[in-house]
Structure formats: C-alpha cells, structure tokens
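Structure, as structure tokens:
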Amino acid sequence: MKTVHNQQTADDWIVCLIEWFDLRARALPWRRSKDPYRIWLSEIMLQQTQVQTVIPYFERFLSAFPTVSALAEANEQDVFKIWEGLGYYSRARNLLKAAKIVHHDHQGKLPDQKNQLLALPGIGPYTAGAILSIAFGKPVPAVDGNVVRVLSRITATAWDLKNLKDRQAVQKVLEQKIPDNRPGDFNEAIMDLGATVCLPQNPQCHQCPLQSSCRANLLNQTADFPVKSSSRPLPVEDRVLIIISSGPLVHVLQRPDTGLLAGLYTFDWLKQDSSVSALNQSRLIEMRASPIVIGVQPLPDLVHRFTHLIWSIKAHWFQISEPNLSPFLDHLDSSCDVSQQSAWVSKKELKHLPLPKAMHAYREIVLDSSTESS
DNA sequence: AAGGCGGGGTG
DNA sequence: CACCCAGCCTT
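Each residue of the first sequence is one higher than the last, beginning at 0 in numbering that gives the first Met the number 0.
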C-alpha cells in the first residue's frame with residue numbers, strides 16, 4: 000500500500016537517529032545516572048545555557064547539595080553563590096523553592112506525573128518532558144530549540160523557535176513518533192544532533208545520519224528552516240558605577256528580589272534621573288568635594304550585554320575616611336539608603352557575596368588592591 | 001502574545 | 001556585530 004510505504008519511509012530517520020546516538024552520544028556528567036534529582040538539576044541549568052558552560056556548575060552544585068533534601072535545607076544566598084555567573088538567577092531561586100516543596104510534600108522524591116512536575120516552579124513543558132522521559136522512561140517529548148530546528152529541517156516546515164504554537168506543533172508530531180522503549184534516548188538524540196551536527200548556522204549535513212531523509216537537506220534549503228523572526232535593536236543604558244570604600248570596608252547593595260539580577264549584589268550607582276551627562280559630571284564633582292573623600296580614581300569602562308538591554312558602564316572608585324554615605328545620598332540611586340539592602344563589607348565578605356558577571360572585573364580590582372593603611 | 005530574564009560560543 | 005543556546009514566568 001502506498002500510504003503504508005510512505006509512512007514507513009517517513010519515519011526511517013528515527014531508527015537512524017537512535018543508531019547514531021548509540022555510537023555518538025556525548026559523555027555528559029548528568030548521563031552517568033538516572034537519579035531524577037540530577038536529571039532535574041541538569042535540565043534547569045541547561046535552560047538557555049550551553050552544555051560546556053553548565054558542566055562545572057553541575058559538578059559544583061551537586062557536591063554542595065547532593066540530594067533534594069540537602070538542597071531543601073540550604074539558604075538562598077548559598078545557592079546563589081554556587082549559581083554565581085551562570086545567569087538567569089530566578090532558576091536558582093525557583094529550584095530552591097521547588098526542592099522545599101518536593102522535600103515536604105513528596106517525601107523528597109521528584110514526582111513522576113506531568114501535572115505535578117509542571118506545578119513546581121521553574122519546570123515548564125520542556126523540562127517536564129525531559130524529566131519524564133530521561134529519569135522515568137515515559138514517552139513524553141522534550142521540545143527545546145534544538146528539537147524545533149531539527150524537526151523543522153527534517154520535515155521542511157517553517158516553524159519559528161520563538162513561537163509557542165510552533166513548539167506545540169512539534170510536540171504533537173513527536174508524541175506520535177517517540178518510541179516507547181527508549182523515550183529518553185530519543186529526546187537526547189535529537190538534542191545531541193542539534194547541538195553537534197544540525198547546527199543553527201552551517202549545519203554539517205555531510206556527517207548527518209538523517210541526510211537522506213531530511214527534506215530541507217534534499218531540497219538544499221537547510222538555511223530556510225527554521226524561520227527566524229526579526230529582532231529589535233537592544234536599548235543601551237548609560238550607567239555610572241560608584242565603588243565606595245573606607246579602609247578595609249567596601250559598600251555594596253543587594254538588588255530587589257524581583258527584576259534584573261534579583262537578589263544579587265552590586266556596588267552603588269550614580270543617580271540618573273536624566274540622560275544628560277553634564278549632570279553626571281556635576282554630581283561627581285559635588286561628591287568629590289566632600290571633606291571625607293580621600294581620593295577618587297577612575298576605573299575601566301565596561302559594556303555589558305544582556306539579552307534585552309545593554310549596560311554601558313563608567314566607573315569611579317571613591318576612598319573615604321569613614322564608612323558614612325550621607326554626603327553622597329543626594330547623588331546615589333535612592334534604593335540604597337535604607338534597610339539591609341545596603342551594607343559595608345570586608346574584602347573577605349565581598350568575596351563570598353554573589354555578584355553578577357557585570358561586576359566581576361570591578362570586584363577583582365577591589366580585591367587586588369593592597370589595603371592601604373593610611 | 002509579548003517581553004523580561006544572564007552569560008557565553010560562534011561565524 | 002548577529003544569532004541562539006537542553007526555557008520559564010509574568011503581564
């Protein structure tokens with residue numbers, strides 16, 4: 000029968016893919032066991048984050064918090080410190096929240112039901128599918144960016160990575176094709192293929208196990224799939240960073256618990272109620288005029304690019320004679336003058352605070368400077 | 001449906 | 001530079 004024949008050839012790629020995975024699967028730390036906690040942890044870290052970046056973080060996190068219950072007992076600052084530099088810090092916060100829920104409501108065992116997994120903070124459709132298939136052997140697809148790209152090319156369908164409907168369409172297709180016997184391997188195989196062969200740019204079709212069944216390849220149109228929606232230019236924020244130190248103490252701020260870099264620490268920012276640089280200059284001049292200022296030195300400029308905006312940072316280091324911010328309060332960002340969000344810390348303490356990458360170069364400068372005894 | 005949310009690899 | 005990565009959450 001023609002339809003039957005077409006059906007079989009249309010799915011030939013699944014067998015080829017699994018055979019390829021048996022030969023070429025990457026050896027990754029989280030593939031050494033099926034411990035649901037480890038699978039879960041790896042999938043959270045891997046959200047929007049490349050494998051090579053995650054590996055050292057995964058090992059370190061697991062050493063610090065070997066089990067769900069160990070994590071559930073941890074405090075947020077310790078979790079943030081392990082997570083420092085990995086980005087998307089709400090993942091760490093949600094992971095800790097979820098660990099407490101699993102510890103208290105599920106006897107420390109990650110649930111194996113999709114709705115219960117989706118109810119945990121930080122677990123969405125992709126991560127639930129990955130955990131269900133890899134840790135629990137259930138035939139549920141795990142549709143990430145790689146999977147959309149690979150399926151878009153195999154079927155020559157104009158799916159868009161960012162389109163939720165398109166991800167659901169891919170999910171639907173894969174629900175019909177995922178093998179009951181090896182669902183986790185199937186999901187990981189597609190992702191491995193996407194990460195090592197079916198690359199976003201310049202896919203290596205000559206070494207692809209699916210080259211003879213991939214419609215985009217046969218049409219010589221791999222560049223047309225998936226479709227990419229146009230992106231807007233990133234807004235640039237001009238910021239002036241003020242590092243204030245008094246003897247061995249440095250002043251830091253903890254950011255609010257929502258929004259950009261929530262819960263992490265930075266140094267002070269110059270108040271910027273307008274983008275007029277002349278105003279910045281006058282603020283700096285007034286601050287420098289304070290009698291408690293011992294010296295001011297310029298620090299290197301820095302441009303830090305986020306996903307949705309750019310910080311263009313100019314920085315100055317104020318050394319003052321006493322740990323007292325009051326002469327500066329009119330000129331510093333107002334979120335700093337109240338409560339425990341504002342703190343004077345020693346260099347040793349500074350080393351243990353979670354700081355975003357944008358602050359790391361400045362932290363190094365502060366830590367490297369010899370503590371000058373006046 | 002759209003935008004916020006880090007940081008890094010790659011051409 | 002642009003693109004995008006084993007996405008999720010909020011509005």
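From the three backbone atoms N, C-alpha and C, an ideal C-beta is built for every residue, glycine too.
Query: Val-146 and His-250 closer than 9 Å at C-beta; Result: no
Query: For Gly-294, the residue or residues it bridges with in DSSP; Result: Gln-318
Query: Three-state class that DSSP yields for Pro-28 in the structure shown; Result: helix
Query: Reference Ala-155; option with closest CA among Arg-231, Gln-280, Gln-170 and Leu-218; Result: Leu-218
Query: From Arg-362, Leu-252, Cys-15 and Arg-152, residue whose alpha carbon lies closest to that of Leu-298; Result: Arg-362
Query: Within 9 Å, strictly: CB atoms of His-102 and Ala-71; Result: yes
Query: Where Val-337 falls, given that 16 or more other Cβ within 10 Å makes a residue buried; Result: Because Val-337 carries a pLDDT of 49, less than 50, the predicted location of this residue cannot be relied on, and no value is offered for it.
Query: Where Trp-343 sits in the DSSP three-state scheme; Result: strand
Query: 8 Å Cβ shell around Lys-270 - same chain, five flanking residues per side excluded; Result: Arg-282, Asp-329, His-330, Leu-331, Asp-332 and Ser-333
Query: Terminal residues of the alpha helix (DSSP H) in which Gln-76 lies; Result: 75-82
Query: Ser-244: first and last residue of the uninterrupted beta strand (DSSP E) it sits in; Result: 235-245
Query: Val-147 - containing alpha helix (DSSP H), residue span; Result: 144-154
Query: Nearest candidate by alpha-carbon position, reference Phe-57, set Ile-81, Cys-15, Glu-75 and Lys-99; Result: Ile-81
Query: Cβ neighbours of His-4 in the same chain (closer than 6 Å, five flanking residues each side left out); Result: Low confidence applies here, because His-4 scores a pLDDT of 48, under 50, leaving its location unreliable; read the following figure in that light. Cβ neighbours of His-4 beyond the five flanking positions: none.
Query: Neighbour-count burial assignment, Ala-314, 16 or more Cβ in a 10 Å radius; Result: buried
Query: Cβ-based neighbour list, Lys-176, same chain, cut-off 7 Å, excluding 5 preceding and 5 following; Result: Asp-10 and Ile-13
Query: Same chain, Cβ closer than 8 Å to Asn-114, neighbours up to 5 away in sequence not counted; Result: none
Query: Cβ distance (whole Å) where Pro-182 is taken to contact Val-139 below 8 Å; Result: 7 Å
Query: Member of Ile-242, Val-235, Ala-91 and Ile-130 whose CA lies at the smallest distance from the CA of Ala-360; Result: Ile-242
Query: Close beta carbons around Met-358, own chain, < 6 Å, minus the five adjacent residues each side; Result: Thr-265
Query: Beta-carbon proximity check, Lys-96 vs Pro-247, cutoff 9 Å; Result: no
Query: Own chain partners of Leu-301 with C-beta closer than 6 Å, once the 5 adjacent residues on each side are dropped; Result: Ile-312
Query: Helix, strand or coil at Gln-203 [DSSP, three-state]; Result: coil
Query: Cβ-based neighbour list, Gln-318, same chain, cut-off 6 Å, excluding 5 preceding and 5 following; Result: Ser-244, Ile-293 and Gly-294
Query: Candidates Ile-364, Gly-86 and Gly-121: closest to Ile-52 by CA position; Result: The question names Ile, but residue 52 in the sequence shown is Thr. Among Ile-364, Gly-86 and Gly-121, the Cα nearest to that of Thr-52 belongs to Gly-86.
Query: Proximal residues to Asn-323 (C-beta, below 7 Å), its chain only, five neighbours per side dropped; Result: Ile-291
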